[in-house]
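To start, the structure itself, in structure tokens.
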Amino acid sequence: MNEYTAKDFKKGQPRWCPGCGDHFFLASLHKAMAEIGIAPHDTAVISGIGCSSRLPYYMNTYAMQTIHGRSAAVATGCKVANPDLAVWQVSGDGDGLAIGGNHFIHAVRRNIDLNMILLNNRIYGLTKGQYSPTSPRGFVSKSSPYGTVEDPFNPAELCFGARGHFFARSVATDAEGTIDILKAAASHKGASVCEILQNCVIFNDGTHSSVSTKEGRAKNAIYLEHGKPMLFGENKEFGLAQNGFSLKVVKLGENGITEKDILVHDAHCEDNTLQLKLALMEGPDFPIALGVIRDVEAPTYNDAVHQQIDEVTEKKKYHNFQELLMTNDIWEVK
Numbered sequence: 008m009n010e011y012t013a014k015d016f017k018k019g020q021p022r023w024c025p026g027c028g029d030h031f032f033l034a035s036l037h038k039a040m041a042e043i044g045i046a047p048h049d050t051a052v053i054s055g056i057g058c059s060s061r062l063p064y065y066m067n068t069y070a071m072q073t074i075h076g077r078s079a080a081v082a083t084g085c086k087v088a089n090p091d092l093a094v095w096q097v098s099g100d101g102d103g104l105a106i107g108g109n110h111f112i113h114a115v116r117r118n119i120d121l122n123m124i125l126l127n128n129r130i131y132g133l134t135k136g137q138y139s140p141t142s143p144r145g146f147v148s149k150s151s152p153y154g155t156v157e158d159p160f161n162p163a164e165l166c167f168g169a170r171g172h173f174f175a176r177s178v179a180t181d182a183e184g185t186i187d188i189l190k191a192a193a194s195h196k197g198a199s200v201c202e203i204l205q206n207c208v209i210f211n212d213g214t215h216s217s218v219s220t221k222e223g224r225a226k227n228a229i230y231l232e233h234g235k236p237m238l239f240g241e242n243k244e245f246g247l248a249q250n251g252f253s254l255k256v257v258k259l260g261e262n263g264i265t266e267k268d269i270l271v272h273d274a275h276c277e278d279n280t281l282q283l284k285l286a287l288m289e290g291p292d293f294p295i296a297l298g299v300i301r302d303v304e305a306p307t308y309n310d311a312v313h314q315q316i317d318e319v320t321e322k323k324k325y326h327n328f329q330e331l332l333m334t335n336d337i338w339e340v341k
């Protein structure tokens, strides 16, 4: 295996606002790709339109910025046409879940072998501050001056509803956590969705403030690891336990609670009931779940398509255009 460094994947000078979450994520993506070890010329990064969708310009790989909301469709064609490419699809919450929402759910449903990155700052940044599909109810913006009157999408809920087999989440300012889930997404065969919680310093500053710092994540987040108990808190003094069909937060040592009462994370469980509950947790009553929440094996669309082509081709009497012409009645004109 060739050894790469983050520098091998870098290109150009990023043009985002100082402090934008895109800077943090780009640095983590460069480092993750270096650790994954797939050559730049065997990698493609495809985006739509938006601040985050400028990212392909800063990748020393095959790269394409497509049109608004269509990155998943173009990435699908790229992967099916050339299955040997590692394809990364990058979208913002507006680009990916509004105009691109239909492409998103069907790429997930088909389980195409894509690494799907959703950079979620809960706002349209490039078009100057309209509310997005992930903006909370009541959110005041240029397009909702009196507050939105609708509930937002939860990306995890959308992914799970589309029968997704991989979902992970990180905070853009947490390089280690982001690199970990990107590497896990790359090793997963199928559609892997990574939600990156990031800040827009201009139009939605502080939207993920509860987990944007290391100290905040220690108090308000839980890092899920497959096969390990769901413990969190600055001293791992809290945990998640079962409460009927729901979850509850418990404190070790109170009311006889021990580590045996804490649920163990199973990212590979095919039944996504508990995984979805974890993905939907919100503060202040529950910690925000970070890490790989779901990672289940399943057949991929691109493999199935090529297998079908091979099977049909083998049964056909012709294998090229000349042979096709000879399969019907033939007349010789003299």
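Heads up, the sequence shown is in this note's numbering, so the first residue is 8 and it goes up one at a time.
The C-beta atom is built at its ideal place from N, Cα and C for all residues, glycine as well.
Bear in mind that the values here come from a model prediction, so they are computed numbers and not experimental data.
Presumed contact (8 Å Cβ cut-off) between residue i and residue j, rounded CB distance
i: MET66; j: ILE53; result: In fact, because the Cβ distance is near 10 Å, the residues do not count as touching under 8 Å.
i: ASP136; j: SER148; result: The displayed chain sequence assigns Gly, not Asp, to residue 136. About 6 Å separates the two Cβ atoms, so the contact holds.
i: ASN206; j: SER219; result: 6 Å
i: GLY19; j: TYR64; result: 5 Å
i: GLY145; j: THR155; result: 6 Å
i: GLY246; j: PRO236; result: 6 Å
i: ILE112; j: ALA169; result: 4 Å
i: ALA34; j: ALA182; result: 7 Å
i: ILE7; j: ALA93; result: No answer is possible for residue 7: the residues shown for the chain start at 8 and end at 341.
Nearest neighbour of residue i, chosen from the options [CA to CA]
i: ALA305; options: GLY55, PHE173, SER151; result: PHE173
i: SER98; options: CYS201, VAL178, HIS195; result: CYS201
i: ALA114; options: GLY101, LEU92, GLY132, CYS85; result: CYS85
i: LEU189; options: LYS284, ARG116, THR265, LEU126; result: LEU126
i: TYR11; options: GLN282, ILE209, THR68, GLY260; result: THR68
i: GLY342; options: ASP187, ALA93, ASN128; result: This structure cannot settle anything about residue 342, because the visible part of the chain is limited to 8 through 341.
i: THR141; options: ASN279, ASP302, LEU204; result: LEU204
i: GLU42; options: HIS272, ALA192, LYS18, GLU339; result: ALA192
i: LEU297; options: LYS235, ASN122, CYS27, VAL178; result: VAL178
i: PHE239; options: PRO25, HIS272, PHE210, THR214; result: HIS272
i: ASP212; options: ALA88, PRO162, ILE130; result: ILE130
i: ILE295; options: LEU285, ALA182, ASP29; result: LEU285
i: PHE167; options: HIS37, LYS324, ASP278; result: ASP278
i: ASP158; options: PRO143, ALA169, GLY171, ARG170; result: PRO143
i: ILE209; options: PHE16, ASP29, ASP15, LYS14; result: ASP29
i: HIS48; options: LYS17, THR214, GLY184; result: LYS17
i: HIS215; options: LEU92, ASP268, GLU289; result: GLU289
i: LEU281; options: ILE264, LYS267, ALA248; result: ALA248
i: LYS38; options: VAL87, GLY171, THR185, GLY223; result: THR185
i: PRO162; options: LYS221, ASP102, THR180, TYR153; result: ASP102
i: PRO291; options: GLN315, GLY223, GLU330; result: GLY223
i: ILE316; options: GLU266, GLU339, VAL87; result: VAL87
i: ASP15; options: ASP91, MET40, CYS24, GLY260; result: MET40
CB contact flag (residue i, residue j, <8 Å)
i: ILE300; j: LEU231; result: yes
i: THR320; j: HIS313; result: no
i: LEU104; j: PHE160; result: yes
i: LYS287; j: GLU164; result: Correcting the residue type first, residue 287 is Leu in the shown sequence and not Lys. Taking 8 Å as the Cβ cut-off, LEU287 and GLU164 qualify as a contacting pair.
i: HIS110; j: GLY132; result: no
i: ALA228; j: GLU241; result: no
i: ASP187; j: ASN309; result: no
i: HIS195; j: HIS233; result: no
i: PHE293; j: VAL256; result: yes
i: ASP100; j: SER60; result: no
i: SER199; j: ASN89; result: no
i: TRP95; j: ILE74; result: no
i: GLY108; j: SER78; result: no
i: THR334; j: LYS341; result: no
i: ASN262; j: GLY197; result: no
Per DSSP, cross-strand counterpart(s) of residue i
i: TYR64; result: According to DSSP, TYR64 bridges with nothing at all.
i: VAL299; result: ALA175
i: THR50; result: ALA93
i: GLN72; result: SER54
i: ASN211; result: CYS207
i: LYS284; result: In DSSP, LYS284 forms no bridge with anything.
i: LYS17; result: MET66
i: ASP258; result: One detail in the question is off: residue 258 reads as Lys in this sequence, not Asp. LYS258 is bridged to PHE245.
i: CYS85; result: According to DSSP, CYS85 bridges with nothing at all.
i: GLU289; result: None; GLU289 has no bridge partner.
i: CYS201; result: ILE124, ALA175
i: PHE271; result: A small fix is needed here, since residue 271 is Val in this sequence, not Phe. DSSP lists PRO236 as partners of VAL271.
The ligand ZN heavy atom lying under 7 Å from the CB of residue i
i: ALA198; result: The ligand content of the structure shown is nil, which means the ligand ZN is not present either.
Please go through the segment 220 to 255 and give each complete beta strand (DSSP E) segment of 3 or more residues, from N-terminal end onward.
228 to 231, 245 to 250
Where are the beta strand (DSSP E) runs, 3 residues long or more, that stay fully inside the segment 93 to 177, in chain order?
Within the segment 93 to 177, the complete beta strand (DSSP E) segments at least 3 residues long are 93 to 99, 122 to 127, listed from N- to C-terminus.
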